[in-house]
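Please read the structure below before turning to the comments.
There are 6 protein chains.
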Amino acid sequence: MSESEVPRIDGRTPDQLRPVTLERGWSKHAEGSVLVSFGDTRVLCTASVTEGVPRWRKGSGTGWVTAEYSMLPRSTNTRGDREAVRGKIGGRTHEISRLIGRSLRAVVDFKALGENTIVLDCDVLQADGGTRTAAITGAYAALADAIDWAQRKKLVRAKAQPLTGAVSAVSVGIIGGVPMLDLCYEEDVRAETDMNVVCTDDGRFVEVQGTAEGVPFARTELNELLDLAVQGCARLDDAQRAALAAE
Amino acid sequence: MSESEVPRIDGRTPDQLRPVTLERGWSKHAEGSVLVSFGDTRVLCTASVTEGVPRWRKGSGTGWVTAEYSMLPRSTNTRGDREAVRGKIGGRTHEISRLIGRSLRAVVDFKALGENTIVLDCDVLQADGGTRTAAITGAYAALADAIDWAQRKKLVRAKAQPLTGAVSAVSVGIIGGVPMLDLCYEEDVRAETDMNVVCTDDGRFVEVQGTAEGVPFARTELNELLDLAVQGCARLDDAQRAALAAE
Amino acid sequence: MSESEVPRIDGRTPDQLRPVTLERGWSKHAEGSVLVSFGDTRVLCTASVTEGVPRWRKGSGTGWVTAEYSMLPRSTNTRGDREAVRGKIGGRTHEISRLIGRSLRAVVDFKALGENTIVLDCDVLQADGGTRTAAITGAYAALADAIDWAQRKKLVRAKAQPLTGAVSAVSVGIIGGVPMLDLCYEEDVRAETDMNVVCTDDGRFVEVQGTAEGVPFARTELNELLDLAVQGCARLDDAQRAALAAE
Amino acid sequence: MSESEVPRIDGRTPDQLRPVTLERGWSKHAEGSVLVSFGDTRVLCTASVTEGVPRWRKGSGTGWVTAEYSMLPRSTNTRGDREAVRGKIGGRTHEISRLIGRSLRAVVDFKALGENTIVLDCDVLQADGGTRTAAITGAYAALADAIDWAQRKKLVRAKAQPLTGAVSAVSVGIIGGVPMLDLCYEEDVRAETDMNVVCTDDGRFVEVQGTAEGVPFARTELNELLDLAVQGCARLDDAQRAALAAE
Amino acid sequence: MSESEVPRIDGRTPDQLRPVTLERGWSKHAEGSVLVSFGDTRVLCTASVTEGVPRWRKGSGTGWVTAEYSMLPRSTNTRGDREAVRGKIGGRTHEISRLIGRSLRAVVDFKALGENTIVLDCDVLQADGGTRTAAITGAYAALADAIDWAQRKKLVRAKAQPLTGAVSAVSVGIIGGVPMLDLCYEEDVRAETDMNVVCTDDGRFVEVQGTAEGVPFARTELNELLDLAVQGCARLDDAQRAALAAE
Amino acid sequence: MSESEVPRIDGRTPDQLRPVTLERGWSKHAEGSVLVSFGDTRVLCTASVTEGVPRWRKGSGTGWVTAEYSMLPRSTNTRGDREAVRGKIGGRTHEISRLIGRSLRAVVDFKALGENTIVLDCDVLQADGGTRTAAITGAYAALADAIDWAQRKKLVRAKAQPLTGAVSAVSVGIIGGVPMLDLCYEEDVRAETDMNVVCTDDGRFVEVQGTAEGVPFARTELNELLDLAVQGCARLDDAQRAALAAE
């Protein structure tokens, strides 16, 4: 079956992103904040700057960046239990929080950041697939704003360049044998293979996480998915750049 | 000092509410959803309907309504720890969740609702005082929409009237000796007495919770605060009615 | 129906307290201890004094007072689970602990107390309604004894007056349309409206918490309940004064 | 050194128990309740009867008896944290709860009890050494009363004999080389060897738990301690019998 | 620099595995058990078979396979806290448990397994890098033995083929610019890029998880790493086959 | 029935130990490590040395020794839940960890150890009765190796003698009226009385824990059990001495 014959649920072509928006300054309190949407997936990303670093890093002259991801109970189709009520964080939440943190740290020069800590909170207000990739893409923009704020407040030296590049992320997957970009929830559920790719703006990889759901995937399929993901991230970089250029 | 001489931080008169908005249908998944704002306080209220009731109510022929309240970590001026990460819910969160649930149950006829459960999730996206009163006011509208949905889906009989009235809530307090309506965060911090009042649309009380912060308050002050609160709730009733009347 | 026609379960008139006792010095270890009873409700209140204050208050020159409330598993008619065994504190327990702490702090001059901390433990040995109001009333007396101890031990200056007044609490409610004072458990269950009122010995309010159980209540009913509560607290003040005057 | 030369803190001879009291019917709600004191150690023991047994015992025709031990935070000389607040039960609490349960089960005929569960709650109101042995001794009497209640209520057959004997417990220890009975807290702290012994009323052992604190103990010392303990338990049996004989 | 010039800590060539052993039947209780070692990394994998499936799968006619990973506190160079003592499972543990479960499920035909559940416990006795890949490789062999057992016990039909293939896993990474296979701990720490690859015995991928530590990696590097990993997994397949062929 | 007529499950005589092995140096990371086996019971004991002591012991010039015991989920016949997953440690685990710690501390001179802490981790790899006694016996040997290490590393003075003796432990019990040594699981389940005894190498007692399972036991039975245990521990001392003498 040729690609053109695969009707995507929302009419997109296999290599097309959903509409992407990055709304900066969504929160009046946070040093950086972005409401990011990938189609119907909406994630509120806030960046909180505090002077000082965790104990194990004190005196090192270097900063720290970390992230916490969470879904509102009714961000999904059926209501999920609150992790605070259950009294523990689930494996998936843990995994995604760690992924977001690692992805952002890949483009941070901690020496240039100095002994400051930035926490990225990524709270999913509405979920429709790709929440972790939207979170990474939005959190990068919130992080950039927070670093700007820290430089204006003289917490970070004016000439320092704490960001060594930009980072964005997208999901790809194979559905009915066809590789597709930026899966929505319904596609995600049906995908035979599911991959999340985090790229820098120079086209290199920060994370590649591919999982066979049911049937293992071949090297050629992996290559096609990576091609799609790299193109998708390039377009997300453009969106980030445009959003950050606006006043 | 006369009331007119007390300049409120945001220029309001003592008996003036902040701008109130109730944005319905904010979530594509929930059976009812309202993004409510009281000034800069913004709370996302979603209502989730499920058939059936908790075990202790099974076979009673009556339904149940409950609520969970939470603040995003950076909804406040300085970032708070996530309760899910700490592994337990704080006393304040518990207290407010219970208050919201009780307030809504006061206007529900559980017989008319039938054996259905509605959970109201009130997540504070941005906090500037009055988050619990905004939550109650918004949650009522989300509840109304969810009941409508349940009637269209035939979960609730078409002619049943599960809502026996409307409910809204507002904070009042005494600052510099002057009773004031709908305190923002900075006012709340400085208030000598702080009261949250939940009223039905016929002007009766569902909850009255007054607390002296520092100096105990006299009966006359209590009366003035109640007067203000009743007026405030009447205006919030109007806002709810207008929002629910819109298509 | 006239008030005299409403037979209370235990033969009291609507405005009558249950027998109140305050047994001081119940514990040999605690700096202050009172076994308080309101009828069959019995609460052991101990006050523990420690030098120093929590971290967030260090160096302020001011002290701190806090409280913890708990019920023994079989203090009630049917055995409840131990919160320690369940691994978390329930919302009601949290709420009442906070209420007791706030109520006592309303009559403490923290400057006069100096950098000392007093923890009030209120453990319900037997419950028959009004456990929180008995706890506040007894804890005040235990607190007074603990402050005396601290002055004898020179932790607090001899001439300091850390207590700015006395505080007591009582429940009121409407049953069958009649406002009644100091509800026992069976009355509490049947009450249409339930209110807990915390007063200082000069008749002002520290806390007013009224809740409609089922039917909202009118302003006139609220006023009648407040009248009853103020009278009840005045008599509890007398009981506290008498107990503290004894050697 | 002769025994008479060892002055015990409270003037007792080495083989003397502290004053023992067993106050039955202390709680109006519990099916059996005893406030037991061994000197200044005071433990409230309540027995709660429920029809039915835990899932793993269902359909066996046999009952179950279990126990939970806890100390009030200020039952001790310095205030301890509440286990409910810390969110977990400590090792010592666990250990003693299990010991009490095992000790009581040793004198219960579960067939005769039928499919009923009895939970013994032993809450230490004041601690001065020997809390676990006082708890076992008091809990036995509460259990006996609860079984009586169950027979009057026809939950247990009138002619059944669910109790196969009586059980009591006492601590013994070596201080300054001298074996002593029923240690108070100050003695317990100084003891070189510390042993808790649980006996039936026919002088046999249910539990023997001896621990060297510092220096290991010899077989002869062990024998002397066992002698003392057996005598002590015999006197505790008398006290139980007397208390249960009273109306 | 040519590959031959990179001296590996333990003298291996870049494309060489550490010595691999799979010791079957290590536990007398488990239905399948394998002590797997990749060099000094030693993981005890046990497979526990139970009839029936979790509630959400009941009546489906299909089985379930899940995994739990854990490290003994002193399996590592410095002692780590026990997760049971801390009272919660860390993100890394969660992540790896999920990875192992997914990897094994990729080669299981749940229809053929029938309504049986197999839990794989992978406990790291000694860690020296690659614990998760060793765990997957060993767990597969334990799973195969457990399925054999289930067939002998008639829990699974004799002719059913619950395993659709074999699965193994290996780590690869770039150190000093050179791609290397099966990193030991010291190499892992120094790696610029770190990748875990899970393959089936027909050379397809179940999971690909690559992470840049510090510097993002290029597509060509990714390709070289995948080449190495596929070769490594082929050799691990041989080791599994040899171990399972032995009696 | 004479003792010779009681066929033990594995053919042993009543006073015979199971085969005992102590495999030193099992772990490459730990300062001391022993894989101990009592028949099919296998426990990995590691000793971890760290400089410094817990806060409450700082500045005392004395060291500390503590222990943690745990069972792998499938060390037993049917798989148990992981305590880390359940989020809390069970009573039995707590109890045994405390017993092991106390037993080892009985032979440590903390002054000679200096301000160093040694943690003994005892992880049961396979359970067949007597896991706590095997753990104590193995942990002693691991502790001895760790102290040696600390002396070679100059953490402890070369001439110091931190060990004041050796310690070992064994279980005894009465089955069918016959006292028996070192019960395996099947015997343990059937025992009427079960006792764990911890002895020093000079034949004195550190701990004696006897429990009647069902029927209380008489003084004569207690004496016979103690005789058996003392003999058993003497043979375990020999095994420890032999293992520690080897290079």
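Residue numbers (my numbering), protein chains in the order written: chain A, 13 to 259; chain B, 13 to 259; chain C, 13 to 259; chain D, 13 to 259; chain E, 13 to 259; chain F, 13 to 259.
The C-beta atom is built at its ideal place from N, Cα and C for all residues, glycine as well.
The model shown is predicted, which means the values in this text are computed figures rather than measured ones.
Within the same chain, and ignoring the five residues on either side of B:Glu199 in sequence, the residues whose Cβ sits closer than 8 Å to its Cβ are Arg20, Ile21, Gly141, Gly185, Ile187 and Met192.
Think of a sphere of 7 Å around the beta carbon of A:Ala42: the chain B residues whose beta carbon falls inside it are Arg86, in chain order.
Pairwise C-beta distances place the region 124 to 132 of chain E in contact with the region 56 to 66 of chain E, as three or more of them are shorter than 8 Å. Within a 10 Å sphere around the beta-carbon of B:Ala162 sit 16 or more other beta-carbons, which makes this residue buried. As the crow flies, the alpha-carbon of E:Lys40 is around 29 Å from that of F:Ser115. Within the DSSP secondary-structure output, A:Pro66 pairs in no beta bridge.
Rounded to whole angstroms, F:Ala257 and F:Leu34 show a C-alpha spacing of 12 Å. Each residue's CA atom was taken as its position, placing D:Ile101 and C:Ala96 some 6 Å apart. Setting aside the 5 residues that flank it on each side, C:Ile159 is surrounded in the same chain by Val168, Pro174 and Leu175, each with a C-beta closer than 7 Å to its C-beta; the list follows chain order. The beta carbon of A:Ala42 lies closer than 7 Å to those of Thr58, Ala59 and Ser60 in the same chain, with the five residues before and after it left out. Taking D:Gly64 as the centre and dropping the five residues before and after it, the same chain places the C-beta of Glu127 and Thr129 closer than 7 Å to its C-beta, in chain order.
When secondary structure is reduced to three states using DSSP, F:Ile101 falls in the coil class, being assigned neither helix nor strand.
By DSSP's assignment, E:Pro191 forms a beta bridge with E:Ile186.
The C-beta of D:Ser45 has 16 or more other C-beta atoms within 10 Å across all chains shown, which makes the residue buried. At a C-beta separation below 9 Å, A:Ile101 has these neighbours in chain B: Arg94, Ala96, Val97 and Gly99. Counting along the chain, the unbroken beta strand (DSSP E) around A:Asp133 starts and ends at Asn128 to Gln138.
Per DSSP, the unbroken alpha helix (DSSP H) holding D:Gly244 starts and ends at Arg231 to Ala257. Nearest CB-CB separation between D:Ser109 and chain F: below the 8 Å threshold. Chain order gives no chain D residues near F:Leu137, where near means a beta carbon separation below 9 Å; the closest approach is about 23 Å. Of the residues B:Gln138, B:Thr149 and B:Phe122, the one whose Cα lies closest to the Cα of B:Thr74 is B:Phe122.
Annotation: A:Asp206 is outside any alpha helix (DSSP H); the continuous beta strand (DSSP E) that includes it extends over Thr205 to Thr212. Under the 8 Å criterion on CB atoms, E:Glu219 is classed as interfacial with respect to chain A. Annotated three-state conformation of B:Ala153 is helix, per DSSP. Contact residues of the region 164 to 176 of chain A toward chain E are absent (C-beta to C-beta distance below 9 Å). Separation of C:Ala255 and C:Pro85 (C-alpha to C-alpha, rounded to the nearest whole angstrom) is 29 Å. Listed along chain E, the residues sitting closer than 9 Å to F:Asp133 by beta-carbon distance are Leu84, Pro85, Arg86, Arg91 and Arg94.
Around the Cβ of A:Ser72, a 10 Å sphere holds fewer than 16 other Cβ atoms; the residue is exposed. Around the beta-carbon of D:Val201, fewer than 16 other beta-carbon atoms lie within 10 Å, marking it exposed. For the region 185 to 218 of chain A, the residues whose beta carbon sits under 7 Å from a beta carbon of chain E are, in order, Thr212, Arg216, Phe217 and Val218. When DSSP states are grouped into helix, strand and coil, A:Gly113 belongs to the helix group. Listed along chain A, no residue sits closer than 9 Å to B:Asp22 by beta-carbon distance, the nearest being about 13 Å off. Interface annotation, B:Pro228: in contact with chain C, CB-CB separation under 8 Å. Assignment of beta-bridge partners to E:Thr58 by DSSP yields E:Ser45 and E:Asp133. The straight-line gap separating the alpha-carbon atoms of E:Asn235 and E:Asn89 is approximately 33 Å. Of the residues assessed, C:Thr105 falls on the buried side of the cut-off, its CB having 16 or more other CB atoms within 10 angstroms. Identification of chain A residues near B:Ser60 by a Cβ-Cβ cut-off of 9 Å yields Pro85, Arg86, Thr90 and Arg91, ordered along the chain.
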